[in-house]
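Asks:
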Amino acid sequence: MRKLYTATAGHLKHPALQTACGCQTEDTPVFTVQRIYAFRPESGLCAVFIDRLYPRGITKETFAAAEWLKDIAPGTALRRFYHENPEENFAAFAVRYHEELSGGKARQAVARLIELEKAHGEVRLLTAVRHPEQSHVSVLADFLGETFVYLDKTDDA
9 MRKLYTATAG
19 HLKHPALQTA
29 CGCQTEDTPV
39 FTVQRIYAFR
49 PESGLCAVFI
59 DRLYPRGITK
69 ETFAAAEWLK
79 DIAPGTALRR
89 FYHENPEENF
99 AAFAVRYHEE
109 LSGGKARQAV
119 ARLIELEKAH
129 GEVRLLTAVR
139 HPEQSHVSVL
149 ADFLGETFVY
159 LDKTDDA
């Protein structure tokens, strides 16, 4: 069963990315989100791990099937700020994370993600977070202006 993120498909909100991406014209999601603990490598699947920290308990073999875009994740200080009080800090976190995504290594990682999407069509975004709908994953979806499909989690690891 899939849950559809409510972001609008078909355009990027960030002007610098609109040209780079070639903008989707279909309402078909190009990004699916799955917890890495439920991930099983598949032939031909483009998988990208989008957290900064290595996930506990994941074998090197499983992890090797995905590209790790560590720099697309929030920086350490921002991640710690958010985790102090997630419900209260989410709005401020989202604003600050948008700023991070607009510059430096994060911008390069976003460009790489767009490059992978253009090359493969669909990209599976992997994360260790339990609630991607209220995390950096949903903020990334908003930043890209894309529709993310969240694959239901199968465990609580």
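To convert a position in the sequence shown, counted from 1, into our numbering, add 8.
Don't be surprised by glycine CBs; every beta carbon is placed ideally from N, CA and C.
These figures come from a predicted structure and were not determined experimentally.
1) Going by CA-CA distance only, name the one from Val118, Glu50, Ser51 and Pro82 that's closest to Phe98.
2) Can you tell me whether DSSP reads Phe7 as helix, strand or coil?
3) Going by C-alpha to C-alpha distance, which of Gly65, Glu107 and Leu77 sits closest to Asp59?
4) By a C-beta neighbour count over all protein chains shown, 10 Å radius and 16 as the cutoff for buried, is Thr84 buried or exposed?
5) If you draw a straight line from the C-alpha of Glu130 to the C-alpha of Leu53, how long is it?
6) Note down, in chain order, each residue of its chain lying with its Cβ closer than 7 Å to the Cβ of Arg87, except the 5 sequence neighbours on either side.
7) If His139 sits next to Tyr105, beta carbons under 8 Å apart, how far is it from one beta carbon to the other, in whole angstroms?
Replies: So, to answer that:
1) Pro82
2) Outside the displayed range of the chain (9 to 165) lies residue 7, so it cannot be described from this structure.
3) Considering only alpha carbons, the answer is Leu77.
4) exposed
5) Cα to Cα, Glu130 sits roughly 8 Å from Leu53.
6) Arg60
7) The pair is not a contact, with the Cβ atoms about 16 Å apart (cut-off 8 Å).
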